[in-house]
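Q: Pasting a structure below so you can have a look.
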């Protein structure tokens with residue numbers, strides 16, 4: 043690895059990922075039935091997640107969370123999804139929550155791959171719909187998965203195109219441009235997604251400007267829909283969206299065709 047590449051890795055890891063090892067709540071605090079899940083990545087890292095069943099044969103949402111906190115910070119959101127009859131499997135990337143290891147970009151993808159494999163096992167051999175949901179940075183993981191693995195639908199919320207676009211928005215010092223667009227990059231992969239995609243984005247998002255969400259939407263193949271959440275910022279989308287947000291979320295999943303057959307992985 044070159045010095046420049048190593049320096050870029052450290053920059054991305056320090057400016058993009060903000061893992062928190064401490065839980066603020068547990069599922070019991072919300073009265074939720076759940077299973078503690080432990081699983082392993084291809085490179086041998088032990089990860090932790092929670093599986094929340096909404097009922098027999100209900101669609102399963104693979105929840106790829108954003109860059110900060112951990113799964114315990116998403117319980118309020120999960121409770122509302124369960125109320126709509128959507129089962130949820132949420133996991134922590136390496137270094138987050140109880141998951142072992144130290145987060146890196148390549149580890150981030152490996153963690154998503156391992157979480158997908160677990161989620162696929164919970165779909166009763168493909169008889170249950172599997173939908174991949176990514177919020178913010180988690181949308182990068184969701185596009186990575188959906189561009190290479192079978193799923194019935196994809197939901198992307200407050201998601202950006204690549205690190206280069208985000209660097210232009212937030213880094214206060216110049217960053218190397220060569221190759222930066224290839225880092226944490228959804229823009230070049232989203233064209234390979236075969237499943238329908240639903241986009242949500244707040245029009246007052248000051249972390250990921252809505253124009254980046256629109257750019258990603260424009261690059262996506264059909265079938266797709268973009269929902270603007272009026273007056274929502276980056277972290278209050280589902281709160282300000284309210285019942286209409288969750289109704290649209292659930293309707294998208296219910297309207298999806300029958301579960302997809304798994305397809306071979308493709309090179310990315």
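Numbering (the numbering used here), first residue to last: 43 to 310. From the three backbone atoms N, C-alpha and C, an ideal C-beta is built for every residue, glycine too.
(1) With 16 as the cutoff for other CB atoms within 10 Å, does residue 194 come out buried or exposed?
(2) Can you give the Cα-Cα distance for residue 127 and residue 299, rounded to whole angstroms?
(3) Please go through the same chain and pick out, in chain order, the residues whose beta-carbon is closer than 8 Å to the beta-carbon of residue 74, but skip the five residues on each side of it.
(4) Where does residue 265 land, buried or exposed, given buried means 16+ other C-beta within 10 angstroms?
(5) If we count the other Cβ atoms within 10 Å of its Cβ and call it buried at 16 or more, is residue 135 buried or exposed?
(6) Would you mind listing the beta strand (DSSP E) stretches within the segment 79 to 161 that are 3+ residues and don't spill past its ends, in chain order?
(7) Excluding the 5 residues flanking residue 78 on each side, which residues of the same chain have their C-beta closer than 7 Å to its C-beta?
(8) Can you give the beta carbon distance from residue 225 to residue 205, rounded, assuming they're within the 8 Å contact cut?
(9) Find the nearest neighbour of residue 131 within the set 172, 240, 282, judged by alpha-carbon distance.
(10) When you compare only the Cα positions, how much space is there between residue 62 and residue 261?
(11) What residue range is occupied by the uninterrupted beta strand (DSSP E) comprising residue 235?
(12) What did DSSP end up calling residue 276 once you bin it into helix, strand or coil?
(13) Per DSSP, what are the beta-bridge partners of residue 195 in this structure?
(14) Out of 148, 198, 149, 53, state which residue places its alpha-carbon closest to the alpha-carbon of residue 252.
(15) Quick one: measure Cβ to Cβ for residue 65 and residue 109, integer angstroms, because I've assumed they're closer than 8 Å.
(16) Among the candidates 115, 246, 255, whose CA atom is the shortest distance from the CA of residue 107?
(17) What is the DSSP secondary structure of residue 59, reduced to helix, strand or coil?
A: Reading from the atomic positions:
(1) buried
(2) Straight-line spacing of the CA atoms in residue 127 and residue 299 works out to 17 Å.
(3) 94, 117, 120, 121, 124
(4) exposed
(5) The residue in question, residue 135, is buried, as its Cβ has 16 or more Cβ neighbours within 10 Å.
(6) 88 to 94, 102 to 106, 129 to 133
(7) Correct list, in chain order: 92.
(8) Rounded to whole angstroms, the Cβ separation of residue 225 and residue 205 is 4 Å, and the two are in contact under 8 Å.
(9) Out of 172, 240, 282, 172 has the C-alpha closest to the C-alpha of residue 131.
(10) 33 Å
(11) Where residue 235 is concerned, there is no enclosing beta strand (DSSP E), given that its DSSP letter is neither H nor E.
(12) coil
(13) In DSSP, residue 195 forms a bridge with 173.
(14) 198
(15) Not confirmed; about 17 Å, so no contact.
(16) Answer by Cα proximity: 115.
(17) coil
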